[in-house]
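Taken in order, these protein sequences are the chains called B, R and Y. Just so we're aligned, residue 1 is where the first sequence starts under the UniProt record's numbering, counting upward by one. Just so we're aligned, residue 1 is where the second sequence starts under the UniProt record's numbering, counting upward by one. Just so we're aligned, residue 1 is where the third sequence starts under the UniProt record's numbering, counting upward by one. We put the beta carbon where it would ideally sit given N, CA and C, even for glycine. Step one of this worksheet: look at the structure below.
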Amino acid sequence: MKRTLGTCYYPEHWPEDQWGEDARRMVEAGLTWVRIGEFAWSRLEPVRGAYDFAWLDRAIAVLGGAGLRVVLGTPTATPPRWMLDRHPDMLALDEQGRARKFGSRRHYCFSHEGYRAECALIVEQLAERYGKNPHVAAWQTDNEYGCHDTALSYSDAARIGFQVWLRDRFSGDIAALNTAWGNVFWSMEYDDFAQIDLPNLTVTEANPAHCLAFRRYTSDAVVSFNRLQVDILRAHTDRPLTHNYMGRITDFDHFAVGDDLDIASWDSYPLGFLEDRVGADAARQRIYAQTGDPDFQAFHHDLYRAVGRGRWWVMEQQPGPVNWAPYNPEPLPGMVRLWTWEAFAHGAEAVCYFRWRQAPMAQEQLHAGMLRPDSKDAPAIIEAREVARELADAGDVAPAQAPVGLIFDYDADAAWQVQPHGATLSYFGLVFEQYRALRSLGLSVDILPPTVRDFTGYAVVLAPGMMHMPQDLKNALAQSEAHVVLGPRSGARDAHMNIPLPLPPDYPDLDVTVARIESLRPDMPRDLADGGRIINYREIIEGTADVVLRCAKGSAIAMHAGTGTYVAAWLDLEGWQNILRPLIQNAGIETIDLPDGVRIRDTGAERFWFNFTQEPHQIGAHHLAPISVLRQPR
Amino acid sequence: MKRTLGTCYYPEHWPEDQWGEDARRMVEAGLTWVRIGEFAWSRLEPVRGAYDFAWLDRAIAVLGGAGLRVVLGTPTATPPRWMLDRHPDMLALDEQGRARKFGSRRHYCFSHEGYRAECALIVEQLAERYGKNPHVAAWQTDNEYGCHDTALSYSDAARIGFQVWLRDRFSGDIAALNTAWGNVFWSMEYDDFAQIDLPNLTVTEANPAHCLAFRRYTSDAVVSFNRLQVDILRAHTDRPLTHNYMGRITDFDHFAVGDDLDIASWDSYPLGFLEDRVGADAARQRIYAQTGDPDFQAFHHDLYRAVGRGRWWVMEQQPGPVNWAPYNPEPLPGMVRLWTWEAFAHGAEAVCYFRWRQAPMAQEQLHAGMLRPDSKDAPAIIEAREVARELADAGDVAPAQAPVGLIFDYDADAAWQVQPHGATLSYFGLVFEQYRALRSLGLSVDILPPTVRDFTGYAVVLAPGMMHMPQDLKNALAQSEAHVVLGPRSGARDAHMNIPLPLPPDYPDLDVTVARIESLRPDMPRDLADGGRIINYREIIEGTADVVLRCAKGSAIAMHAGTGTYVAAWLDLEGWQNILRPLIQNAGIETIDLPDGVRIRDTGAERFWFNFTQEPHQIGAHHLAPISVLRQPR
Amino acid sequence: MKRTLGTCYYPEHWPEDQWGEDARRMVEAGLTWVRIGEFAWSRLEPVRGAYDFAWLDRAIAVLGGAGLRVVLGTPTATPPRWMLDRHPDMLALDEQGRARKFGSRRHYCFSHEGYRAECALIVEQLAERYGKNPHVAAWQTDNEYGCHDTALSYSDAARIGFQVWLRDRFSGDIAALNTAWGNVFWSMEYDDFAQIDLPNLTVTEANPAHCLAFRRYTSDAVVSFNRLQVDILRAHTDRPLTHNYMGRITDFDHFAVGDDLDIASWDSYPLGFLEDRVGADAARQRIYAQTGDPDFQAFHHDLYRAVGRGRWWVMEQQPGPVNWAPYNPEPLPGMVRLWTWEAFAHGAEAVCYFRWRQAPMAQEQLHAGMLRPDSKDAPAIIEAREVARELADAGDVAPAQAPVGLIFDYDADAAWQVQPHGATLSYFGLVFEQYRALRSLGLSVDILPPTVRDFTGYAVVLAPGMMHMPQDLKNALAQSEAHVVLGPRSGARDAHMNIPLPLPPDYPDLDVTVARIESLRPDMPRDLADGGRIINYREIIEGTADVVLRCAKGSAIAMHAGTGTYVAAWLDLEGWQNILRPLIQNAGIETIDLPDGVRIRDTGAERFWFNFTQEPHQIGAHHLAPISVLRQPR
Ligand SMILES: [Zn+2]
Ligand SMILES: [Zn+2]
Ligand SMILES: [Zn+2]
């Protein structure tokens, strides 16, 4: 399959007589895809039940007629104002108990049955009308589930949905729930599922089992909300279905949503993300302010390759400054091209730039586009054209299994959020820092879902911080040929967020026990014996396995037996490198120590080198110009 | 007109037998004015409709009899408790949707019609009774509109008022509103004005057009609230009317309120302001902790001279530590005198100290007065006496047009608040930093309202950041003899907060186009080619005008043609000096590079030098002692 | 009385067949006490009115039969879920007006009469059943009043209770209240007590008199809530009653609660407290992250010795990492023993470790216990055994009056919270820093309640910051033989939070007047003439007393006459040492300058030396090993 480019377009934002010229210029720029429709509900159904598809018919005809392939979005992220009159209680409530008003987007509660029914109606209309339209080549459900903190809702609909979900999970046995959650602890026992409230606004922290259950319920609500649309679309079309996930939104299980879809896609805003969600310190934010973090997009690329079971896109690629971060600088020249090639290097089938023309109105008027508001070329279209020319000579998408697998478990992220233990601790952060270390060693990485049981082909598999680790996963890992790196906190909780007995990690043939834990202030790192430091978090471990890493004062930090290694701490980059480098080399995989900001990614056909820095780098025989992409055949 | 002094007094706070002695000591200290009444509603109308003016009659008689001139305040900032029983919904709601309770002051919503009617009744009573009282020489409406974040209210009254206001502005045409606001963007289109809610608590940011309209509505509500009182007062008195604005409260258009009044006045708390609203960094707050910022009061003096169309007062002057800032140190000895003279140098007719005697009770018991709670002299009265002696020999208020005009537009401030684009960006901050640069060059400055169209007499006019710049203003500026300095962001939006075409600034005979913008992290300033730096914000500009300022890397930062110059960035002090100094000198105006903390102000008769520092300074022939005022005849 | 050890145990959390072995191991470890029951309401009364005491009978029998003495807690901190159905309005409302939900603990409003009646019923049941049980050797009421910010509630119940309380305090005379509070200030006068709302959510700060009255009401509500249980228990048992106060919870008067009890106890979590409430800066938090602040526990030990009128315990002693602080590191080896001995050195009768076994479930599953979740020994039990062995040879509790008394007044803490004047100011902080200075001089200190009038035996008494200082206290101090150190802010307000006349301190035979005050930025300390600095806050004083401390610029900071000294500023440690050291020496008391982290405490029989540092210290003849306790017979 050839790699392709695209853009996001809103025909409803522009005079109809502009559509044709826009389409012509899209094609001229080398674009294949145009995504439309996902915010247009008020134009598709201006009055409830009175549909107006004529303009969309014409828009699709114009775009398709110009040679573009349309991705059609369902508009359920933007219910029109009339919806509120029909369903005044469809609004989500925030954690403070305040209804989140109409006036922007995503103003719905996933649990609201009335709103779900309305979504089914509009999706049905769209599916029937365009399911076999020759220009509509793919579908997108809704838009950025969970963005703007919209997955978790504390509404009555959510409360009732949660109670039903719990009743179902515990087969109607409230005593079983009380036992599973340990509700005896503070006389928190329930007599009936109808007594269970949502775990917000409690006097002090709610029971972590209660909190985790609510997060699991929420994730299931997103999955079923999406599935409702998928089922309708499938009945009318055989085109691939996707959803565009948002960066570092972890409030629902993307793998579970993805299982119902054909292609995963995500929205990549490297500069905005660096400012508001990467978690880098200020110095690092300063260094990469105009390039984005060198590992953050790569991590998501690898994540969504897994979510899409190999098929994935960047549905929205930052083209210039965004409008929504605390600070919104311009990307350095060359970055739009670099980001695009980086996505392709990680296996993307398509990269679409958000958006075609900068909007002169409303919330995103300071979000750059491929065109300026006056329709002149913005820098993004110029770099996109360059990529389009390069793609003409480039090979097809060439998948290749990476030598290292890294398990990412949304449920573990939820568990850490519920019970971080230290103010700086998060599951995402832990996994991402291990990922960064792997990349700094020159490795390509496959992200693996927590449901995988076949590890064939991986020399090394990491499963850090996976709080609840089912026994059959432990067994599958232990029986695989991979070297397995666990910890910290892997297997630290049972299915209901209790400390299990025997104590963790309880991993086959690895006599290591986490006796105690402690979280550390950011200003009290602890030196490792041979370089690097413990930061954030540490476990005190016992057992007969071989000690393969010690802190400077001598206590065991990592222990090893057979193919299993348990790392009992959160390490800094040097620490992770020091434990992982020999382990990976022993597994027969070559490592390359890369400077910060230089990264490698291997496909089946090529090795890609990326230089995110403004300085040139010489790595062996390879000269990397500042802000550059180097493609090396394999 | 002679310059005069005064104080703020609360007869209702003190035993009646103390009034005479207080009045005598006010006169002895050289005071002319005494402001009273503005918080006394519960004593003027203890029970609804049952007025008690006897005590006020006597207080006015005692004060007036002693030779003082009374400024009588309407008490509408402090509705009594019984008002709540009549109008339970008169309370403003904060942005979080919480009613703001009784128990302090300003607990009313400007939009509440019932409360307005109550205000009309008490003002009518006061106006009838005292409108022609020989001792009542001026009137003050309410007290510090907008203080404590009270302009913007999210109440039902405000929502309904906003809907009516919108219906009126769009002539009942909801489609016109949808188009003007670009509501199609996220299916935010309305079918009816009654559907439009206030723009708080939305899921993500509301439409900036929606937000700006609500701020404009709020401003109009304050104006009409004030006008209601003005109309009543005018029917009964020919004495001048004023309102005491609060420092850096920009949530309504002070020019529009001021147009209904005769004199502008403001409440000047230099040390409190430095701690809580100047926006200085900690180092600067430390340096000026006991003097106040050397430009902040001056800026307001010049602003309120404009608001009062030449006539203005300081109605409340800080006399010692206040009670309300995060930290409340004492002014250095001499500062009360310095602040007083500074106000006179900027054209004040009167300076009144807040308050006469420190209150032993209630919220402001730690706010210094001219007297201590035990009636002994506090430092302020001693310095006031010194000013009074100096005033005896001083000339009259001597107005003089400044060589430089600087437009201040409350609507632009609202637009920037709605859409800052960078976390450190504000319109007030931008204008104030340009003002500081002008002052650091030894210049006197006139603040100009955005409605001015005659620029006669100004060598230079600056209009930074004025987001919406009407075409007739552009034309008037271009046709004036002044050199005009625009940017950044001047003309960046149309009347409804949309990006206009052609792109900004679209200024006559100045071929400059803002192609793109970016906001910058505080830790990523960019060097200018010849000293100084870009901070906060930058635009990329194109065009054929002459480049007169470049960044170190070469791109154009300011361009010039004819009498117009566009500056495409937020600069640091040195940067502003470097662009403005030659421009002003070329306009025939002398500049003097002043040290930080030393400032000049010219009246028609004198040049005033102020030294806010604790070190002496020698500037040419002038020796400035620490914390001093030097008056030099012109 | 022998010093004893104990633990906190939750039989309801564990299988009944585990109780016996647990009891055996408690005895084996040298424990005397086992506290049970305080969170078990849902098991004691699973359905309202249907009690189940059988399990508790058996638990007490097993524990008592093994030789342990039971402390039985009333379970009123954890009302079961059914309580909400009976009393939906029993939940406290937070300062933002939000009901605080069921799902953790302490979800009740102290003012709710319905809940109080429910508490009376369960306490009556327990008292009747166990009041004379031979194994039940003491009782605890509720658990940690005020923890999780639960003393102050903004509910309807609290509002009505407050109105009744005010009506009572002002004998139904609303005019008296208006006068006492100075409500005329901003027309805040009330016509009726029923109009008085709680002082939250006001537009700007509420009247400090209003706020302080509400805090006093709240304190009284806690006292009467506790007294209700005490009265019932007393009717059925002659065993001592206690309550376990929480560290640095000052929202009610612990002396007043303590007056109804026999023994005071408190819950000591040195590492958690250092992270979240000591108020130390980051550098100090880092240094003592694994030992806790060297003075914070000692202060509370001395405080609760006063609250208990000599009889006090540590009811919960941190045994390892807690779960609730921002960061939760392990104590250094030896700290559990050190903390235990420190409590005994300050006069504790018993120290109980919280908790016996780490819970695998619910909110505190990451709180260490004496046992690990798998029942293996955790470090705490090993150190507890060591203390138990040492206790076998140690003498009895040996009380001794300290040479220095320091008054702690909860009402003053409330007054400072209501009116801090500077962002860094708190009464607790001021008293604690004076306490630290006394301890750094090698002194033992008695905390004194504000009601004490007999100062016999004290060489020096300090009463810093006691805002309202009744005349009879001033007289008692002035007539005592002690040297008295007042200030800053001592006597600064009258009984209703007004500035008194004559101005403070108005202390017998000490001609000092506080003329003015100022609060200081943290970055603007002021040097004292002979070492040390003024920080945070300063008063300008006048009078004829001798100046005994000056700032570097010469103004008086402390003045002295007869036996009285007034200190007119908040000083740093060196400053306090410099004023206190000579004063104490002159009073005939020896001082020893101790390094930071080394502390002394004298009992009647021994001098204890504690080294909280990881370095050895030599003080005179005494060698202190790192993290050590040295006992020296007196
Ligand atoms: Zn169908
Ligand atoms: Zn009239
Ligand atoms: Zn009884």
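With which residues is residue i paired in a DSSP beta bridge?
i                : result
Met246 (chain B) : B:Asp267
Val222 (chain R) : The partner list for Val222 (chain R) (beta bridge, DSSP) is empty, contrary to what the question assumes.
Val514 (chain R) : R:Ile541
Asn611 (chain B) : B:Val598 and B:Ser628
Arg357 (chain R) : R:Leu371
Arg86 (chain Y)  : Its beta-bridge partners do not exist; DSSP assigns none.
Gly73 (chain R)  : R:Gln140
What is the C-beta distance between residue i and residue j, in whole angstroms, given that I count them as a contact (C-beta under 8 Å)?
i                : j                : result
Arg35 (chain R)  : Gly65 (chain R)  : In fact, because the Cβ distance is near 17 Å, the residues do not count as touching under 8 Å.
Val484 (chain R) : Ala568 (chain R) : Between Ala568 (chain R) and Val484 (chain R) the Cβ distance is about 15 Å, and since that is not below 8 Å, they are no contact.
Asn143 (chain Y) : Glu38 (chain Y)  : 5 Å
Cys119 (chain R) : Leu31 (chain R)  : Going by Cβ atoms, the distance from Cys119 (chain R) to Leu31 (chain R) rounds to 30 Å, so no, they are not a contact pair.
Trp33 (chain R)  : Val62 (chain R)  : The pair is not a contact, with the Cβ atoms about 15 Å apart (cut-off 8 Å).
Leu594 (chain B) : Gly442 (chain B) : 5 Å
Asp363 (chain B) : Asn244 (chain B) : Before going on, a small fix: residue 363 (chain B) reads as Gln here, not Asp. In fact, because the Cβ distance is near 17 Å, the residues do not count as touching under 8 Å.
Measuring alpha carbon to alpha carbon, tell me which of the options ends up nearest residue i.
i                : options                                   : result
Leu271 (chain Y) : Y:Gly258, Y:Ser265, Y:Ala282 and Y:Ala289 : Y:Ala289
Pro505 (chain B) : B:Leu261, B:Ile541 and B:Pro522           : B:Ile541
Thr626 (chain Y) : Y:Gln632, Y:Arg599 and Y:Pro633           : At residue 626 (chain Y) the sequence reads Pro, which differs from the Thr that was named. Checking every option, the nearest Cα to that of Pro626 (chain Y) belongs to Y:Arg599.
Met497 (chain B) : B:Ile122, B:Arg3, B:Pro199 and B:Gly182   : B:Gly182
Ala283 (chain B) : R:Pro399, R:Arg521, R:Leu332 and R:Asp253 : R:Arg521
Asp602 (chain Y) : Y:Ser519, Y:Ala402 and Y:Pro450           : Y:Ala402
Only counting the same chain, and skipping five residues up and downstream in sequence, which positions put a Cβ closer than 6 Å to that of residue i?
i                : result
Gly597 (chain B) : Pro294, Phe612 and Thr613
Phe354 (chain Y) : Cys8 and Glu316
Got a sec? Which residues, its chain only, sit under 8 Å from residue i by beta carbon, not counting five neighbours each side?
i                     : result
residue 660 (chain B) : In the structure displayed, chain B extends from 1 to 634; residue 660 (chain B) sits before or after that span and is not available.
Ala359 (chain B)      : Tyr10, His13, Gln365, His367, Gly369 and Pro373
Leu573 (chain Y)      : Glu433, Arg436, Ala437, Ser440 and Gly532
Quick one: residues in its chain with C-beta nearer than 7 Å to the C-beta of residue i, no 5 flanking neighbours on either side, listed in chain order?
i                : result
Trp576 (chain R) : Glu433, Gln434 and Ala437
If you pair each beta-carbon of the region 132-139 of chain Y with each one of the region 393-409 of chain Y, do three or more pairs fall below 8 Å?
no
Validate contact between the region 322-332 of chain R and the region 301-309 of chain R using beta carbons, cut 8 Å, 3 pairs:
no
So does the region 103-117 of chain Y actually touch the region 150-157 of chain Y, counting three or more Cβ pairs closer than 8 Å?
yes
Pairs of beta-carbons, one from the region 331-341 of chain Y and one from the region 436-446 of chain B, closer than 8 Å: are there three or more?
no
Whether or not the region 352-370 of chain Y and the region 599-611 of chain R are in contact is what I'm after, with contact meaning three or more pairs of Cβ atoms, one per stretch, closer than 8 Å; do they touch?
Touching, no.
Within 8 Å, do at least three Cβ pairs link the region 88-100 of chain B to the region 198-207 of chain R?
Counting C-beta pairs with one atom in each stretch, the region 198-207 of chain R and the region 88-100 of chain B have three or more that are closer than 8 Å, which means they touch.
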